[in-house]
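Below is one structure, written out as structure tokens; the observations come after it.
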Amino acid sequence: MPAGFSPSELAYLLPEFVLTLGALLVLLADAFLSRDRRGAVIGLSLVVLAATGAALAWVGAPHQTIARGLLSMDAFGLFFKVLVLVAAALTLLMSGPYLAAEAMPAGAYSFLVLAATLGMFFMASGVELITIFIGLETMAVAFYILAGLLKPNPRSNEAAVKYFLLGAFSLGILLYGMSLLYGLTGSTNLGTIAAAVANPAAVGRPLLLVAVILVVAGLAFKIAAVPFHMWAPDVYEGAPTPITAFISVGSKAASFAMLLRIVVLGLPSMAEEWRTLFYVLSVLSMTAGNIAALTQTNLKRMLAYSSIAHAGYLLIGIVAATPRGISAMLIYLAVYTLMQLGAFGILVLMRRGDSAGDEIQDLNGLFQRQPAAAVAMLVFLLSLGGIPPTAGFMGKFWLFGAAVEAGYVWLAVVAVLNSVVSLYYYLRVVVAMWTREPEGLEPRMRPALALTLALALAGTLVLGLYPRPLFDLAETSAKSLGSAVWAPSR
Amino acid sequence: MGWLGLLIMTGLGLGFAVVMILLSSLLGPKNPTPEKLAPYECGMPAVGDARERQSVKFYLVAMVFLLFDIEVAFLYPWAVALRDLGWTGFVQIVTFFLILVVGYIYIWRKGVLDWGPATTSAARAAARAMRERNAA
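Chains as they are written, first to last, in our numbering: chain Y, 1 to 490; chain D, 1001 to 1136.
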């Protein structure tokens, strides 16, 4: 064993090992199944995720930095790992019916979902720039392929090419920022960088500022914040629906984890500067996202713009950069994951016959045909809009409260106004479901999809009515991030 | 002093090329025909467009080649530093190798390496699924 890497440290990586081996097993199983058995492959992938979850529970959060300071096994990382694991499981669960409707093989698809999840794991616990970057790359490459897996569909091809080109471009910007940080501080370790830039004037403030701007811009692409959001609507519309859901929640959550680690852990002395940057990004994302969503007739595009707006809400937590702000972000990410996956589950339900089912008018009269699904969609939409008693309300309440507490009253006011605007387009969908006459083929509810929707619905309601456990978890996780920003400089 | 020889050599090489091109353009006979002026002229009239559709197999094989090329790029430095890296290095490179082998088995079974009719059942299934989708 090389210095600083003991067998007990390898044990901490058990979830990652289980996930890697499991993903390879899925690939082999698919290669040796004589026919394309979607159920078997997706079932095996879900077992792999369950085993990874068990390994995560066994490892827990030992609060140790392992692998020579590359990975931090803390509660913060664990929170995000559980979050993306749940997102991946729900995505795979709703993928079965969708792949059947599209006559798509499940082998490479499931493998890539697991590979993306593995990348997110490393993004969640990496505390060193190159480790984080490799995690990001693992996730991104899997998503580029997944976005284009609907091979006969030109929109899917377009989505894959756009995602790849803009993704590669943004990774280039991010990497340039990282290389500047390395050049200025002589280290890629976030802790060492924080110590080296404790006095920004000593390392050259202007260049440090350029590095911060480049890193933030590169990451803003990944979380789809305005003005780096142009790829989102096209990619969301073209990619297979469960993958759109996974990109919008998993990729976003993992990118936020990475963003928090880099700026809060690595650059606390530049807090004033990145606070200003995130303030601007937050206001732009909320406003532009919601206004663009107002005019959409395609539900997938509407949800894409709404997810841009949600990135704006989430950035409020990082502008506040208090333990409460960070924990509010974690809470909101968890809540957002459930309600967003639920809404995309309804889109999977609407995929029937030759209809892609992603126009708002495709949901016309859903209440007459599938009352339960229509009610579930109502809850998801109300939650996205932030109406009590759903989880979306608790998330927004905590997030905006954190902004006010940290002294950003105007930001909270803008966010509340935006939430009001967003209700208009969420309720348009509700109007279509309740008051219009149904048209087209009857949507068929499949057991796997019903289970996905039930889980997402239960999560959205339970977290709205009894959020205490989630709040406690998020608070512990946010504290474990441990940063010098906590001591307020303002 | 050692650099002077290099300079003379470079000068000679460049001078030779320039002189030869000048001579052939001054002394050579000029009798241009459309065939001779075409790019990549070889005396024959061009048939068709050079931009032809290639089988997607070429791209697949090129990508697979790239992967195993990268593998070799890792194997060489490992082999050179074999003694220093010891068993840790051995385990690491074998892990890397095994992961690539899984991918290799996968593409083999999926028929990427079949240039004729599909020979494995998985490849036949993939081909059948593609035909069905194209028919639909």
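Even for Gly, the Cβ is constructed at its ideal location relative to N, Cα and C.
Since this is a predicted model, take the numbers as computed values, not measurements.
Anticipated Cβ contact below 8 Å, residue i with residue j, distance rounded
i	j	result
L136(Y)	T188(Y)	Between T188(Y) and L136(Y) the Cβ distance is about 14 Å, and since that is not below 8 Å, they are no contact.
V212(Y)	L267(Y)	6 Å
V48(Y)	G22(Y)	3 Å
A321(Y)	R275(Y)	6 Å
G96(Y)	D30(Y)	Going by Cβ atoms, the distance from G96(Y) to D30(Y) rounds to 14 Å, so no, they are not a contact pair.
V429(Y)	L338(Y)	Between L338(Y) and V429(Y) the Cβ distance is about 18 Å, and since that is not below 8 Å, they are no contact.
L399(Y)	F79(Y)	Not confirmed; about 16 Å, so no contact.
A391(Y)	T460(Y)	5 Å
L180(Y)	V203(Y)	With 8 Å as the limit, L180(Y) and V203(Y) do not qualify as a contact, their Cβ atoms being about 10 Å apart.
A458(Y)	Q340(Y)	That belief does not hold up - the Cβ atoms of A458(Y) and Q340(Y) are roughly 15 Å apart, past 8 Å.
L470(Y)	A334(Y)	6 Å
L28(Y)	I1105(D)	7 Å
DSSP-derived helix/strand/coil call for residue i
i	result
G218(Y)	helix
N418(Y)	helix
L71(Y)	strand
R444(Y)	coil
S489(Y)	Any answer about S489(Y) is weak, because its pLDDT of 39 lies below 50 and its placement is not dependable; what the coordinates show is given next. The answer is coil: DSSP assigns S489(Y) none of H, G, I, E or B.
T65(Y)	strand
N298(Y)	strand
G53(Y)	helix
E9(Y)	helix
R1083(D)	helix
N364(Y)	coil
R369(Y)	helix
R352(Y)	strand
G401(Y)	helix
E128(Y)	strand
N153(Y)	coil
N189(Y)	strand
E137(Y)	helix
G4(Y)	Unreliable placement is indicated for G4(Y), whose pLDDT of 49 sits below 50; no coordinate value is reported for it.
E439(Y)	coil
E1052(D)	coil
G204(Y)	coil
Check whether residue i and residue j have beta carbons under 9 Å apart
i	j	result
Q296(Y)	I346(Y)	no
V235(Y)	A159(Y)	yes
L112(Y)	L166(Y)	no
G386(Y)	G395(Y)	yes
S251(Y)	F143(Y)	yes
M350(Y)	G357(Y)	yes
L449(Y)	L99(Y)	no
F513(Y)	L174(Y)	Absent from the structure is residue 513(Y), since the part of chain Y shown begins at 1 and ends at 490.
I316(Y)	A217(Y)	no
L44(Y)	V18(Y)	no
L118(Y)	T131(Y)	no
A239(Y)	L150(Y)	yes
V249(Y)	G289(Y)	no
A374(Y)	L366(Y)	yes
A67(Y)	L13(Y)	yes
R301(Y)	P233(Y)	yes
A140(Y)	H229(Y)	no
V421(Y)	I247(Y)	no
L281(Y)	A220(Y)	yes
T52(Y)	V127(Y)	no
R324(Y)	P443(Y)	no
S355(Y)	L481(Y)	no
Among the options, nearest to residue i - alpha-carbon criterion
i	options	result
M1063(D)	L1100(D), A1123(D), P1039(D) and R1131(D)	L1100(D)
L473(Y)	L19(Y), G60(Y) and F400(Y)	G60(Y)
R37(Y)	G119(Y), R68(Y) and P105(Y)	P105(Y)
F164(Y)	T435(Y), Y279(Y), K222(Y) and V429(Y)	K222(Y)
A478(Y)	A140(Y), V264(Y) and A201(Y)	V264(Y)
M123(Y)	L83(Y), E102(Y), Y109(Y) and N418(Y)	L83(Y)
L1066(D)	G1103(D), F1016(D), I1093(D) and I1008(D)	G1103(D)
L184(Y)	F169(Y), F256(Y), R205(Y) and G172(Y)	R205(Y)
M73(Y)	T91(Y), Y426(Y), A11(Y) and L85(Y)	A11(Y)
L70(Y)	V413(Y), V215(Y) and S125(Y)	S125(Y)
I1093(D)	E1071(D), A1135(D) and D1084(D)	E1071(D)
R1131(D)	P152(Y), A115(Y) and A116(Y)	P152(Y)
Which full runs of the alpha helix (DSSP H) of 4+ residues lie inside the segment 220-253 of chain Y, going along the chain?
Qualifying alpha helix (DSSP H) stretches, in chain order: 231-238 and 241-246.
For the segment 261-293 of chain Y, list the alpha helix (DSSP H) runs that are entirely contained and at least 4 residues long, ordered along the chain.
Positions of the alpha helix (DSSP H) runs, each at least 4 residues long and wholly inside the segment 261-293 of chain Y, cannot be given because no such run exists.
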